[in-house]
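Residue numbers (full-length UniProt numbering), protein chains in the order written: chain L, 1 to 576; chain X, 1 to 576.
The C-beta atom is built at its ideal place from N, Cα and C for all residues, glycine as well.
Predicted, not measured: the structure shown is a model, and the values here were computed from it.
These notes concern the structure reproduced below.
Number of protein chains: 2
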Amino acid sequence: MSAGRCKASIDFSPKPKIQTPLVSRDTASLITKRFLRNIKPSYGSSGEMRRFVTEKARRVLSSYLLSSSRSQPSSSSLLPPVALYSTAAAMASKLNPPVTVETLNPKVLKCEYAVRGKIVTHAQRLQEELQTQPGSHPFDEILYCNIGNPQSLGQQPITFFREVLALADHPTLLDKSETAALFSSDSIQRAWEILDGIPGRATGAYSHSQGVKGLRDAIAAGIAARDGFPSNADDIFLTDGASPAVHMMMQLLLRTEKDGILCPIPQYPLYSASIALHGGSLVPYYLDEATGWGLETSELKKQLEEARSKGTTVRALVIINPGNPTGQVLAEENQRQIVEFCKNEGLVLLADEVYQENIYVDDKSFNSFKKIARSMGYGEEDLAVVSFQSVSKGYYGECGKRGGYMEITGFSADVREQIYKVASVNLCSNISGQILASLVMNPPKVGDESYESYMAEKDGILESLARRAKALEDAFNSMEGVTCNRAEGAMYLFPRIHLPRKAIDAATATNNAPDAFYCQRLLEATGIVVVPGSGFGQVPGTWHFRCTILPQEDKIPAIISRFKAFHESFMSEFSN
Amino acid sequence: MSAGRCKASIDFSPKPKIQTPLVSRDTASLITKRFLRNIKPSYGSSGEMRRFVTEKARRVLSSYLLSSSRSQPSSSSLLPPVALYSTAAAMASKLNPPVTVETLNPKVLKCEYAVRGKIVTHAQRLQEELQTQPGSHPFDEILYCNIGNPQSLGQQPITFFREVLALADHPTLLDKSETAALFSSDSIQRAWEILDGIPGRATGAYSHSQGVKGLRDAIAAGIAARDGFPSNADDIFLTDGASPAVHMMMQLLLRTEKDGILCPIPQYPLYSASIALHGGSLVPYYLDEATGWGLETSELKKQLEEARSKGTTVRALVIINPGNPTGQVLAEENQRQIVEFCKNEGLVLLADEVYQENIYVDDKSFNSFKKIARSMGYGEEDLAVVSFQSVSKGYYGECGKRGGYMEITGFSADVREQIYKVASVNLCSNISGQILASLVMNPPKVGDESYESYMAEKDGILESLARRAKALEDAFNSMEGVTCNRAEGAMYLFPRIHLPRKAIDAATATNNAPDAFYCQRLLEATGIVVVPGSGFGQVPGTWHFRCTILPQEDKIPAIISRFKAFHESFMSEFSN
């Protein structure tokens, strides 16, 4: 044990201010007996036994010491702390540190987030090794295909957006003559408009808790233009990306583990993590891989009823459209069925629509769930719909700016008041992210100086993403034992890998899920980071991984050939 | 009732896909009887009675309808839904909406945040009235002295910081020759350094979950320079302001309401709100107004023991230094006692140090708690200290940028892993806020081109704040029945008002806390917004308000004279 650790609860040093807790001989003996009596016979190895005894001793002792340090024992037979330590705590590896994993909120312990999980930590280690020992691995760089983070892989930001942000960050530029040579005229005009909408033009001030009213007006106008149905600035809550908005809704809806949220499987693990952190239950519904990750309301109904029969109050349905990690885009008719289902069952529809700009096939288009509901004649009183949007995705990919919003409709005034209160506790989201959210919902228009360059940048990115998606999809489908659905949208492919028995056995032998084993071997052989399907959920006995389509286009051929070579070698190594 | 609302659970329209739940005649009768039986005789007015019956009917019906929509009743005697509605639900104003306040997370309902509470909503309404009907109130503008939001009241941002932010937002500026004319040479150099520390110079990419490593290095260097003790970039978690960092620690430490956090009273209500949201208990300790908001460890000890005797596991101690809302700065000796106390009691020391730059008196200075602990010879193994810092306060006051960090020390590797995991779920904080946090901890140095103008801006702001604090403190102390402690630091004064009996009675008669009543009358008479002491906590029977020192200096004389005139009139109106 470490003497330093020991000092955390009892101090042996002669510093004058420190109280040394004193414990009677009888008490120390009692403590020792008490924990020895509690040893369960079911612990197999002597190591387990030792750990158990140690832990038990630690707990009994520490709880005793906490109380003994508060009240002096009346007995005159006292042991100095060292003596106590030698009699009872000798078997404890350390005394009570103030915070241990065992004493943390169990909801935190339960939460998992595979997108930045073990495989990524492993990749970061390899990256450091590449830097300190070039040539130490059979690749030159780590390719992070684990996360939808376009600019980390070389995607350039949209110029107009960044011009406006720079001007809003440093408004004195607007008074300088040189500025006209450096910025487009419409970015200057837009910056003025935005500043005029911010009280005192203070981009460094906390805004209204929902976000700057002028920016919410712009976003509502953008939503209305997109959907053809009105949108209200009072329904917009600007947030630091979509994740905090999802957390806010989970915090609001989940009371105990008897409250459930219907989530797709596979799902984006923000949902499972957020539900775990807020102490609710994830009620899974399966997307049908055979029909291109189809979403059947019969499956929703079945899972809802099963959950209800177990006493779960299902409060909301999460739909991710376009899909993450699955990349499908819902058909309009399917969306109508989902709206009808939520309306009939009294479920809040939590619509993750952050990939609304990422559609890569001609036969699909994005429709917001609010638009679908309104087009069916359903209004505020019929059902509650929350739409999440983010500046991190789309063609803009501004992940680092942490901008986003949720549009909430169908909630009563007193419920909205509670949402507002929770938003207020966090004061407001960052103003640059707020400005960016207003820009992505109101980009340059025909006639604006930036319009053509803006459209060229936007189309360039989206067309390239579509080509990359198709190239990767074809490549995966060409590999032995791999099947990959069409990448209709979002930023990911979620191929299924039919692993040979021997690979599954090898994974099991090393305490790995088979897909995690595959992904780890891929990383070690190629430097490519993908996330095992087990991090998203999948039909038991099937194995997948999620791979982003985000590496720059000129790198795609090399990635494909490295991936294919690895896969062939892996399959031949473990062939039955 | 609204037909629209009714449609939320039962659909009467002829759309083909909708199942109409069918209910037997017996069941409908049973439902009616059941809720009539439950009517309590204690409801006073007929309105209350009607609401109760309505609510009860709604609940009984809705729970029945949810189950009946899943399984067809076996009885052949069936009523169509309209008949059911007319028999049982006629008294219900609406059928089950999916989310009501009663079905929200009770932790959310419990949470309060006075800084943006009722008084502010009232002020916003008055502001709108001033705009739509100029002259409708006896003042021209609303003066928001409720919140530490310097730039909303005209404080200008530090030029160097904004230059760097603009360049980082739009890095192509760095390649343009005109840029040298618009930006200081050291801001250009700093922007390059920052960009070089960000992988791919991608300010639009998600960073490491703790924040960009290069920026954390800069912050750690700044902390080390401030304290004279080393700081490690791995201990820094960059966050969107200090609030999310506080939430993160509360989420980690609080398991049930049996876990408590020692918090000062008066306190900044983020703490009470966060503890409520995370389901723990606030264990109060009182600051002593008579000794300048003194903090006695005997009081800490007393409250800790009282909480423990009630079965509460106290996990951490919150110290706000400089104090919010109380403005005191702790003496070094007092800090040493607090460190000793936390170490002996095994408490995490949560040190809110966001006002570390805001010290206005010569006889006090800021010492971080980590520095104090290290200077006592205590290291990582002795106690856990978390220091919260923010870009929103100090002389920079960049609230809208939502930047901040926490420095965590004294946690074991496995606990840190859990903190990292929670940070990962939210991906990262906004990069502009991260950059700004690195700048405030590493401002221009002697010899840098910006140094002199930077120092002039900084000193100008801090000296002005000190003058404003003193002027307001003197003004409050000159008012009848008001006493105000010295404003040693932070951005607030927390004067005590000795209200006449008649004022207290008038407040009680209108269901107001007496200090809330005073603040409301102040607002209506002067347009000045301050927060009632009851939002922060105070010794029962005493009344206070929190007023920021942030209005621009040229407005202070007018504010003081308006405040005084109001106070005199209020006191004479309610004099005994």
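Where do the N-terminal and C-terminal ends of the beta strand (DSSP E) with residue i fall, by residue?
i: Phe139(L); result: Counting along the chain, Phe139(L) falls outside any beta strand (DSSP E), and DSSP gives it neither H nor E.
i: Cys263(X); result: Asp259 to Ile265
i: Gln389(L); result: Val385 to Ser390
i: Asp352(L); result: Val348 to Asp352
i: Arg201(L); result: Here Arg201(L) belongs to no beta strand (DSSP E), and DSSP marks it neither H nor E.
i: Pro284(X); result: Ser281 to Tyr286
i: Glu407(L); result: Gly404 to Thr409
Where does residue i land, buried or exposed, given buried means 16+ other C-beta within 10 angstroms?
i: His567(L); result: buried
i: Lys370(L); result: buried
i: Ser2(L); result: Because the pLDDT at Ser2(L) is just 36, under 50, the model does not fix this residue reliably, and the value given afterwards should be weighed accordingly. So Ser2(L) counts as exposed.
i: Glu573(X); result: exposed
i: Asp259(X); result: buried
i: Glu332(L); result: exposed
i: Phe35(X); result: Below a pLDDT of 50, predicted positions are generally treated as unreliable, and Phe35(X), at 39, falls in that range; the measurement from the model is reported next regardless. With 16 or more other Cβ atoms within 10 Å, it is buried.
i: Pro500(L); result: buried
i: Asp186(X); result: buried
Kindly list, in the order they appear in chain X, the residues whose Cβ is closer than 7 Å to that of residue i.
i: Pro157(L); result: Gly204
i: Tyr113(L); result: Lys421, Ser424 and Val425
i: Val385(L); result: Those do not exist, as Val385(L) stays about 10 Å from chain X at its closest Cβ, beyond 7 Å.
i: Ser298(L); result: Going along chain X, no residue has its Cβ under 7 Å from Ser298(L), so there is no contact; the nearest lies around 12 Å.
i: Arg116(L); result: Ser209 and Ser424
Going by beta-carbon coordinates alone, are residue i and residue j separated by less than 8 Å?
i: Leu350(X); j: Ala316(X); result: yes
i: Ala413(L); j: His170(X); result: no
i: Leu252(L); j: Leu104(X); result: yes
i: Gly279(X); j: Leu254(X); result: yes
i: residue 579(X); j: Ala168(X); result: Nothing can be reported for residue 579(X), as the shown portion of chain X is limited to 1 through 576.
i: Leu215(L); j: Gly204(L); result: no
i: Val246(L); j: Ile261(L); result: no
i: Lys564(L); j: Ala487(L); result: no
What residues from chain L crowd round residue i, counting only those whose CB sits closer than 8 Å?
i: Tyr355(X); result: By Cβ distance, chain L contributes nothing, its closest Cβ being about 16 Å from Tyr355(X), past 8 Å.
i: Glu178(X); result: Glu178, Ala181 and Leu182
i: Val415(X); result: Val99, Thr100, Val101 and Leu104
i: Asn149(X); result: Ala205 and Tyr206
i: Ala273(X); result: Val425
Going along chain X, which residues have a C-beta under 8 Å from residue i?
i: Glu482(L); result: Before going on, a small fix: residue 482(L) reads as Val here, not Glu. Going along chain X, no residue has its Cβ under 8 Å from Val482(L), so there is no contact; the nearest lies around 28 Å.
i: Glu163(L); result: His170
i: Gly535(L); result: Neighbours of Gly535(L) on chain X: none; closest Cβ ~12 Å, over 8 Å.
i: Gln418(L); result: Val101, Leu104, Val108 and Leu109
i: Phe411(L); result: Val99
i: Ser152(L); result: Pro199, Gly200, Ala202, Ala205 and Tyr206
i: Leu270(L); result: Val425
Got a sec: is the Cβ-Cβ distance from residue i to anything in chain A below 8 Å?
i: Lys401(L); result: In the structure shown, chain A does not exist; the protein chains are L and X.
Closer than 7 Å by beta-carbon distance: list the chain L residues that pair up with residue i, in chain order.
i: Glu398(X); result: Gly204
In chain L, which residues lie less than 9 Å from residue i when you measure between Cβ atoms?
i: Leu277(X); result: Gln251, Val422 and Val425
i: Asn430(X); result: Asp240, Gly241, Gly400, Lys401, Arg402, Gly403, Ser429, Asn430, Ser432 and Gly433
i: Gly527(X); result: Within chain L, no residue comes near Gly527(X); the closest Cβ sits about 15 Å away, beyond 9 Å.
i: Arg255(X); result: Thr103, Leu104, Asn105, Pro106 and Lys107
Could you spell out the range, first to last residue, of the alpha helix (DSSP H) harbouring residue i?
i: residue 577(L); result: The shown model of chain L, from 1 to 576, leaves out residue 577(L), and the question about it has no answer.
i: Cys428(X); result: Note, Cys428(X): premise wrong, no alpha helix (DSSP H); not H, not E.
Please list the partners that residue i has in chain X, where partner means a Cβ-to-Cβ separation under 9 Å.
i: Pro244(L); result: Asp240, Pro244 and Asn426
- the segment 348–367 of chain X in contact with the segment 110–119 of chain X per 3-pair CB rule at 8 Å: no
- Message: Within 8 Å, do at least three Cβ pairs link the segment 160–173 of chain X to the segment 412–424 of chain X?
- Response: no
- Query: Hey, is the segment 202–212 of chain X in contact with the segment 231–245 of chain X, meaning 3+ C-beta pairs nearer than 8 Å?
  - Reply: yes
- Check whether the segment 543–550 of chain L touches the segment 484–493 of chain L, taking contact to mean three or more Cβ pairs, one atom from each stretch, closer than 8 Å. yes
- Query: Hey, is the segment 292–305 of chain X in contact with the segment 330–341 of chain X, meaning 3+ C-beta pairs nearer than 8 Å?
  - Reply: yes
- Segment contact flag, the segment 463–474 of chain L with the segment 505–515 of chain L, C-beta cutoff 8 Å, min 3 pairs: no
- Task: Kindly confirm or deny that the segment 440–452 of chain X and the segment 264–275 of chain L touch, where touching means at least three C-beta pairs closer than 8 Å.
- Result: no
- Do the segment 114–130 of chain L and the segment 525–536 of chain L meet, that is, are 3 or more Cβ pairs less than 8 Å apart? yes
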